[in-house]
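First residue of the first sequence: 7, per the numbering used here; consecutive thereafter. Have a look at the structure below before the remarks.
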Amino acid sequence: MRYSKSFIPTLREDPAEARKNPSHRLLLRGGYIRQVGAGIYEFLPLGLKVLRKVEGIVRDEMDRAGAQEVMLPALVPAELFKETGRWDLFGSTLFRLKDQKRNDYHLGPTHEEVITDLVRGVVRSYRQLPVNLYQIQWKYRDEARPRAGLLRCREFLMKDAYSFDATEEGALASYRTMRAAYDRIFQRVGVKYRVVAADSGAMGGNTSAEFQILAETGEDAIVVCSACDYAANVEAAVAQRSLSAVAATVSGKRESDIATPNKKTIEEVAEFLKVPSTQTVKAGVYLFGQAAGSVPRMAVVFVRGDRRINEVALSRELTATWLRPAEDEELSAAGLQAGYIGPRDLPAGVEKVLVDREIAEATEMVVGANKSGFHRQHAAMADALGALGERANIADIRAVGSGDLCPQCGAALLEYKGIEGGHIFVLGTHYTGKMGAKFLDESGTEKLIVMGCYGIGVSRLVAATAEQCHNGDGLTWPMSIAPYQVMLSALVTTPEAVAAADGLYEALTALGVEVLFDDRDERPGVKFKDADLLGIPLRVTLGKKSLEQGKVELKARTSKDVELIDIATAAEEIAARVKAALG
RNA sequence: CGGGGCGUAGCGCAGUCUGGUAGCGCACCUGGUUCGGGACCAGGGAGUCGGAGGUUCAAAUCCUCUCGCCCCGACCA
7 MRYSKSFIPT
17 LREDPAEARK
27 NPSHRLLLRG
37 GYIRQVGAGI
47 YEFLPLGLKV
57 LRKVEGIVRD
67 EMDRAGAQEV
77 MLPALVPAEL
87 FKETGRWDLF
97 GSTLFRLKDQ
107 KRNDYHLGPT
117 HEEVITDLVR
127 GVVRSYRQLP
137 VNLYQIQWKY
147 RDEARPRAGL
157 LRCREFLMKD
167 AYSFDATEEG
177 ALASYRTMRA
187 AYDRIFQRVG
197 VKYRVVAADS
207 GAMGGNTSAE
217 FQILAETGED
227 AIVVCSACDY
237 AANVEAAVAQ
247 RSLSAVAATV
257 SGKRESDIAT
267 PNKKTIEEVA
277 EFLKVPSTQT
287 VKAGVYLFGQ
297 AAGSVPRMAV
307 VFVRGDRRIN
317 EVALSRELTA
327 TWLRPAEDEE
337 LSAAGLQAGY
347 IGPRDLPAGV
357 EKVLVDREIA
367 EATEMVVGAN
377 KSGFHRQHAA
387 MADALGALGE
397 RANIADIRAV
407 GSGDLCPQCG
417 AALLEYKGIE
427 GGHIFVLGTH
437 YTGKMGAKFL
447 DESGTEKLIV
457 MGCYGIGVSR
467 LVAATAEQCH
477 NGDGLTWPMS
487 IAPYQVMLSA
497 LVTTPEAVAA
507 ADGLYEALTA
517 LGVEVLFDDR
527 DERPGVKFKD
537 ADLLGIPLRV
547 TLGKKSLEQG
557 KVELKARTSK
567 DVELIDIATA
577 AEEIAARVKA
587 ALG
């Protein structure tokens, strides 16, 4: 492509709306994308090229893994989501619309129902299984707050695959095949990533993993073991009980009330009673429900004073479909005193009590006394638990972070930020059960198909890669997804130089190299700045001095070194470099 | 959805408090000089001041409503 004929509107200054986010800023400045509305973007020629390359890698590996491409509609009749309850469950995130006959539709945020509907209409026998179908298609989610450019959009390109197996074991095999394909995809794209254990959320099912792309600006927190292969999203992470969590020496003193007037926070109480916060117990009060719009139920949870509560883990323990912290008025209405909530004498309105495993056997703890102005000291959690009877349970509900100990090997866990690039699940019969997707097995028995689903945010992956691949001057694309492989800059405009540049451009193109040929009548500085901003991996420069020696300059975008190579053999040499970089 | 901020030329911004001819830089067009890291000089084109209503002799500026976008949080199969 000749730059002079191209549509690459680079910006000299940072767009005001994108200063916070490197990938967003550089994709806008480099003329890759433009914003149309909140969470809605246009892909310009360069951006589309990158998107198509990621898509190509994904398609290639999906096909290689035995999945078959289909295209499902983005516009979906409401009946399918109504069948599984997600028409209500999805809430405001679902883009809903009506046709001229006033029938309900939505724009697909994900396609489990549509694909299950397709498969149940076709599959009758175990002989037709397994089958794995995928599509690469635009998804629509009315995010409450779209942000960070392509990283969190309302319209985004996603690859979603769905496997259908006759048995659990088969489903697990499909899952493993997809996991291996995902590894190849992320490696080929060229990003640093970690596969982490994930929460399965409201999708149902129990086995899932996320492919997290490491980036400072990531919205997800993950913990990774410093010694073994344990890695998990903090939502799903568990940790060994640390040494400091084991109770202080037993004093032999009896549990008793102590006045703590106006001391409500952990810090205030710990300071007032001269105990470390690790010897206090923090209470959290939640309202939750097990169906959309169900009557709220109340749960009280206890973690060590210095810990945070993992609400995702909590939600999982309560098998809740929704959950939120209780408001102050709701606390008082239930007979609870904010700041003084403890495990003793909890009102009957509290249906569930969860005690974090870390403190389940702790003694010598300071807990709330459930009366205003008082805490209890020398408390043994096991005794309190016993007194609570049926409604109390022990569970892993504390948030895990840096410094916690690996549940597998006990080494220190490290915390990182990540961008969720892919997520794979074994769904089991969650959808096939609700939608009656059945088959006859070898014995003629009717069984539910066992399902798995596998997503990759294709447009998000473009931005996530940019998030990792940039420096102070601009983007630094990996060869595998760069919009062009080579940036050819002609610095001089004499007829001989133009002819030489033209010749090299034609020769490279003939060798199958993707070249952006900067033939513009611009000063060198402008061309260098734009080349760095666009981030094309190899730069070939035709300057006056080197041309006189019959040489051209070759430089990698990520390197400072410049090589001089013979113009006569330049095309072959450069093509070889490109091929080598692609692996 | 709660909190905060911002909408003025393609981009970045000033002007708003204190009402009185719509400005600056970059980009763009023309001419000239330049030409290895975002050149210089001269001339020029380009704006319903987000929208609607109101106050006023007069509104980018004051008032009311409204739309949009960004940031923090909640949310995020």
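Glycine residues also receive a C-beta, built at the ideal position from the N, C-alpha and C atoms.
Checklist line | Local Cβ density within 10 Å of F13, reported as buried at 16 or more and exposed below that | finding: exposed
Notebook entry, point to check: Which full runs of the beta strand (DSSP E) of 3+ residues lie inside the segment 516 to 540, going along the chain?
Noted result: 521 to 524
Item checked: Sheet register partners of W144 (DSSP bridge) -> L163
Item checked: Helix, strand or coil at H117 [DSSP, three-state] -> coil
Item checked: Residue interval of the alpha helix (DSSP H) (run including F13) -> Here F13 belongs to no alpha helix (DSSP H), and DSSP marks it neither H nor E.
Check: Since A177 and E421 are thought to touch, with beta carbons under 8 Å apart, how far apart are those beta carbons, to the nearest angstrom?
Finding: That pair is no contact at about 32 Å.
Check: Terminal residues of the continuous alpha helix (DSSP H) containing M68?
Finding: P51 to R70
Note to self: Report the start-end ranges of each beta strand (DSSP E) in the segment 342 to 389 that is 3 residues or longer and not cut off at the edges.
What the structure shows: 358 to 362, 371 to 377 and 380 to 385
Checklist line | Selected residue, minimal CA-CA separation from A503, among G556, G43 and S169 | finding: G556
Margin query: On the CB-based measure, 16 or more other CB atoms within 10 Å of its CB, does E473 come out buried or exposed?
Written below: buried
Next item on the list: Could you check if S214 is buried or exposed, using at least 16 other CB atoms within 10 Å of its CB as the buried criterion?
Entry: buried
Margin query: Just to confirm, is the Cβ distance from G541 to F192 under 8 Å?
Written below: no
Next item on the list: Would you mind reading off the limits of the beta strand (DSSP E) that contains D263?
Entry: S262 to A265
Notebook entry, point to check: In whole angstroms, what separates the C-alpha of R466 from that of P21?
Noted result: 20 Å
Note to self: Need the endpoints of the beta strand (DSSP E) that E452 sits in, please.
What the structure shows: E452 to L454
Check: Hey, quick one: how far does the alpha helix (DSSP H) through T471 stretch, first residue to last?
Finding: V464 to Q474
Margin query: In this structure, how does DSSP classify T223 when only helix, strand and coil are distinguished?
Written below: coil
Notebook entry, point to check: Would you call the CB atoms of L157 and F445 closer than 8 Å?
Noted result: no
Item checked: Cβ-based neighbour list, E61, same chain, cut-off 7 Å, excluding 5 preceding and 5 following -> I142 and V464
Note to self: Taking 7 Å as the limit between beta carbons, can you name the residues of its chain near E452, skipping five residues before and five after?
What the structure shows: K444 and L446
Note to self: Is the separation between the beta-carbon of P115 and that of R147 shorter than 8 Å?
What the structure shows: yes
Notebook entry, point to check: Along the chain, which unbroken stretches of the beta strand (DSSP E) at least 3 residues long are found entirely within the segment 310 to 334?
Noted result: 328 to 331
Check: Taking one C-beta from the segment 74 to 87 and one from the segment 402 to 409 each time, how about it: are there three or more such pairs within less than 8 Å?
Finding: no
Checklist line | Distance between E222 and Q106 (C-alpha atoms, nearest Å) | finding: 47 Å
Check: From which residue to which residue does the beta strand (DSSP E) around K423 run?
Finding: L419 to G434
Notebook entry, point to check: From I580 to D189, what distance separates their C-alpha atoms?
Noted result: 29 Å
Note to self: Would T575 and V558 be called neighbours here (beta carbons separated by less than 8 Å)?
What the structure shows: no
Next item on the list: Report the residue from P331, D205, V201 and V275 whose alpha carbon sits nearest the alpha carbon of L594.
Entry: What is shown of the chain runs 7 to 589, which leaves residue 594 out entirely.
Check: Rounded to a whole number of angstroms, what is the C-alpha to C-alpha distance between A253 and T325?
Finding: Unreliable positioning characterises A253 in this predicted model, as indicated by a pLDDT of 48, which lies under 50. A coordinate reading is not provided.
Next item on the list: Would you mind reading off the limits of the alpha helix (DSSP H) that contains E181?
Entry: In the sequence on display, residue 181 carries Tyr and not Glu. E174 to V195 is the extent of the alpha helix (DSSP H) around Y181.
Check: Since M387 contacts V361 with CB under 8 Å, what's their CB separation in whole angstroms?
Finding: 6 Å
Check: Between L33 and D524, what straight-line distance do the alpha-carbon atoms span, to the nearest angstrom?
Finding: 19 Å
Note to self: Between the alpha carbons of H112 and G379, how many angstroms are there, rounded?
What the structure shows: 53 Å
Item checked: Member of A398, D312 and K269 whose CA lies at the smallest distance from the CA of M304 -> A398
Checklist line | Option in S29, P28, G91 and G36 with minimal Cα separation from R18 | finding: G36
Notebook entry, point to check: Which residues in the same chain as G461 place their Cβ atom closer than 8 Å to its Cβ, once the five residues preceding and following it in sequence are excluded?
Noted result: T116, M164, K165, D166, A167, G428, H429 and I430
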